[in-house]
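Taking it in order: structure first as structure tokens, then the write-up.
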Amino acid sequence: MTARVPALIVHGGAGADPAEGRDELRNGIREAVLAGWVRLTAGGTALDAVESAVRSLEAHPRFNAGRGAVLNAAGEIELDAAIMEGDRLRCGAVGAVTRIAHPVTLARKVLEDGRHVLLVGDGALAFARQAGMPECDPAELITERQRRRYLERAAPGTVGAVALDLRGTIAAATSTGGTAGKLPGRVGDSALIGCGTYAESALGGVSCTGDGEAIIRAVLGRRALDALKALNDPAHAAQVAADVLVQEGGGQGGLILLDWRGRVGWAHSTPLMPIGWISPAHPDPIIPF
Ligand code: ASP
Numbered sequence: 002m003t004a005r006v007p008a009l010i011v012h013g014g015a016g017a018d019p020a021e022g023r024d025e026l027r028n029g030i031r032e033a034v035l036a037g038w039v040r041l042t043a044g045g046t047a048l049d050a051v052e053s054a055v056r057s058l059e060a061h062p063r064f065n066a067g068r069g070a071v072l073n074a075a076g077e078i079e080l081d082a083a084i085m086e087g088d089r090l091r092c093g094a095v096g097a098v099t100r101i102a103h104p105v106t107l108a109r110k111v112l113e114d115g116r117h118v119l120l121v122g123d124g125a126l127a128f129a130r131q132a133g134m135p136e137c138d139p140a141e142l143i144t145e146r147q148r149r150r151y152l153e154r155a156a157p158g159t160v161g162a163v164a165l166d167l168r169g170t171i172a173a174a175t176s177t178g179g180t181a182g183k184l185p186g187r188v189g190d191s192a193l194i195g196c197g198t199y200a201e202s203a204l205g206g207v208s209c210t211g212d213g214e215a216i217i218r219a220v221l222g223r224r225a226l227d228a229l230k231a232l233n234d235p236a237h238a239a240q241v242a243a244d245v246l247v248q249e250g251g252g253q254g255g256l257i258l259l260d261w262r263g264r265v266g267w268a269h270s271t272p273l274m275p276i277g278w279i280s281p282a283h284p285d286p287i288i289p290f
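Per the numbering used here, the sequence shown starts with residue 2, numbered consecutively.
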């Protein structure tokens, strides 16, 4: 096996409001990039890297994942997350989970358990308990900001990460509170493998954000990798996928891509999608927004 040059890209959701404090978003993205990068440069796996990057954003109250997630129509938080490793297409996901501050870690436990790909609701919580995951009071995840926004029905800030490790493995992860005011029990694209999240080490990895129902209709994650295969250019492939989302899915959003060579691409149809990426050639995170 030849050592690969590692790389990592993260996003903080396609619905970010350009008028609202970019510095806080930039700092959150930078911390997440560095949290994943520390793992990769220490010889950690791509799965470790994307989990760490996403956990950092789940803990940040400004993003719609973990603490700070949006509220559903019942004024409660239900979280979706998925994680995938592209060597053997191993994946795990959780939908509509409550009481868990880091759903990406629960998704990883589903992946490692290996029996199922997706667990939802009370069944996911029972699995979390068996797996010894810490539980929290649902009220601890609700921020004052999201309580205010609940009244406005705004939902920016889903998070995601894609990493390539030294062994050439690609992993992708996505975590979200979903769309504001969604019906209780709704599961979006983020938890659905092939829609919001996908990875295939021979090709690349992807994490999507935006109108979940549109992303599901277009099977956007897998379509983005098909575009990458055809075009061999992550930036171009990301743009093609963003166009597919608008034209075929009938929604708005964006995505990040990383190919097997460590080249990054991203595109969005919305005004702002915070992203950051890092590679040995750029050891200080690039935060291009
Ligand atoms: N795609 C997410 C969902 O529909 C929301 C988002 O990315 O803003 O659950």
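The beta-carbon is built from N, C-alpha and C at its ideal position, and this holds for glycine as well. For clarity, every value in this text was computed on a predicted model and none was experimentally measured.
Here P7 has L41, L165, D166 and L167 as same chain residues with Cβ atoms under 6 Å from its own Cβ, once five neighbours each way along the sequence are excluded. Counting only runs of at least 4 residues, the region 99 to 137 fully encloses the following alpha helix (DSSP H) elements, listed from N- to C-terminal order: 104 to 114 and 122 to 131.
N65 counts as buried, since at least 16 other C-beta atoms from the protein chains shown sit within 10 angstroms of its C-beta.
In this structure, R68 is the residue among P284, R68 and W267 with its C-alpha nearest to the C-alpha of R146. Residue pairing for D260: DSSP places it in a beta bridge opposite G205. Excluding sequence positions up to five before and after W267, its CB lies within less than 6 Å of the CB of A239, I257 and I276, all in the same chain and listed in chain order. Closer than 7 Å to some heavy atom of the ligand ASP: that describes the Cβ of G179. As DSSP reads the structure, C92 sits in a beta bridge with M85.
Within the model, the alpha-carbon separation for C209 versus D123 is close to 26 Å. In the displayed model, G13 falls within coil according to three-state DSSP, outside both helix and strand. Looking at G44, E59, I78 and R89, the one whose alpha-carbon comes closest to that of Y199 is R89.
For V34, DSSP records no beta bridge to any residue.
For D285, the enclosing beta strand (DSSP E) starts and ends at H283 to I287. Relative to P104, the option among H117, A125 and V118 whose CA is nearest is A125.
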